Each structure stands twice: as C-alpha cells, then as structure tokens.
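Down below is the structure, laid out as structure tokens.
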Amino acid sequence: MAYDKENIFAKIIRGEIPAAKIYEDDDVLAFEDISKAAPVHVLVVPKGDFVSFDDFAKSGADKVANFFAKVQKIAADLGLVENGYRLITNHGADASQSVAHFHVHILGGRELGGLLDDDEKIR
Ligand code: 5GP
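Following our numbering, the numbering of the sequence shown begins with 187 at its first residue and continues without gaps.
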C-alpha cells in the first residue's frame, strides 16, 4: 500500500491538527490516543512515511532499534514499568489497522486482561 501523506497521524506530525503530545524529537512523536482504551493510552509514531510495522521493519535495523528504545523510554517515563504495560501494533485489515501510518500503542494504568476479547479468540 502506498503511503498517504494526508493520513491523520501525518497531519498531527506536521502540526496541522492538534494532539496531546507526550514526547517529541527529530525522529519520533508520542501523543495520547483520542479514544483511550486504558487510563494510559499513548501512540508512538516515527516521523517517516511508513504505512505499518511491515513497512517500517524493512527500513533498517538501526531505525527500528532507535524507535523501540524510545518506546521503552516513553513507557518508563509514564511510570508503567513497575505495574506493567502492553504494546500493540496493528498491521493491515485482519488486525483492524485504522490509521495507515505505523504506530505503537502503549497501554497501561490498569489490569489489561487477556490478549484478545474472549469471543474473538476462536473464529
Ligand atoms: P489502529 O486501529 O490503527 O491500530 O489505531 C489507531 C488509533 O488512532 C485508534 O486507537 C484511534 O483512537 C486513534 N486515533 C484516530 N484518530 C485520532 C486523532 O485524530 N487523534 C488521536 N490522538 N488519536 C486518533
């Protein structure tokens, strides 16, 4: 899939629409999800034209390592290490990816339960 520069996260990165920013540097932006699924629900995005994890993972090991090192730091700075947190990244239709700019969800602040909704497990 070609990258669409008009996707909502590209607009947030460019500052064209607002977001509650948690962290920003030259490579990465983290901001609160507009529809929180947990008390802490932060999205971390690279500042590059990557549709999804599959796309981003092919961009080079250094870039991937740098990105996930920042995800770790953001989660730690949010105070989530002791009680725990979950990282999610959705790639494509079966994962219900809804924004076609690679992003990692950081979820925490409560007991998050099982990996998937029970009734979605055995289909
Ligand atoms: P996905 O389903 O693609 O993994 O996750 C996309 C996430 O982006 C969803 O959790 C959704 O709530 C969030 N989202 C969609 N539009 C906006 C927006 O305009 N601002 C913010 N902060 N989050 C958004």
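Note that beta-carbon positions come from the ideal geometry of N, C-alpha and C, so glycine has one too.
Being a predicted model, the structure only gives us computed values, none of them experimental.
#1: Going by DSSP, name the residue or residues bridged to residue 210.
#2: Excluding sequence positions up to five away, which residues of its chain have a Cβ less than 8 Å from the Cβ of residue 233?
#3: Do residue 270 and residue 294 have their C-beta atoms within less than 8 Å of each other?
#4: Say the cut is 7 Å; is the CB of residue 218 nearer than that to a heavy atom of the ligand 5GP?
#5: Could you check the C-alpha separation between residue 201 and residue 195 for me, to the nearest Å?
#6: In chain order, which alpha helix (DSSP H) runs of at least 4 residues are fully inside the region 224-288?
#7: Do you know whose CA, among 224, 229, 257, lies nearest residue 206's CA?
#8: Can you say whether residue 222 is buried or exposed, counting buried as having 16 or more other CB atoms within 10 angstroms of its CB?
#9: To which residues does DSSP link residue 292 through a beta bridge?
To lay it out plainly:
#1: Answer is 215, bridged to residue 210.
#2: So the list reads 199, 212, 213, 214, 215, once near-sequence residues are dropped.
#3: With respect to residue 294, residue 270 sits close: the two C-beta atoms are nearer than 8 Å.
#4: For the ligand 5GP, at least one heavy atom lies less than 7 Å from the Cβ of residue 218.
#5: When rounded, the distance between both Cα atoms is 10 Å.
#6: Given a length threshold of 4 residues, each whole run of the alpha helix (DSSP H) inside the region 224-288 is given here in chain order: 239-243, 247-263.
#7: Selected option, being the one with the closest Cα: 229.
#8: For residue 222, the number of other beta carbons within 10 angstroms of its own is below 16, and it is reported as exposed.
#9: Per DSSP, the beta-bridge partners of residue 292 are 228, 273.
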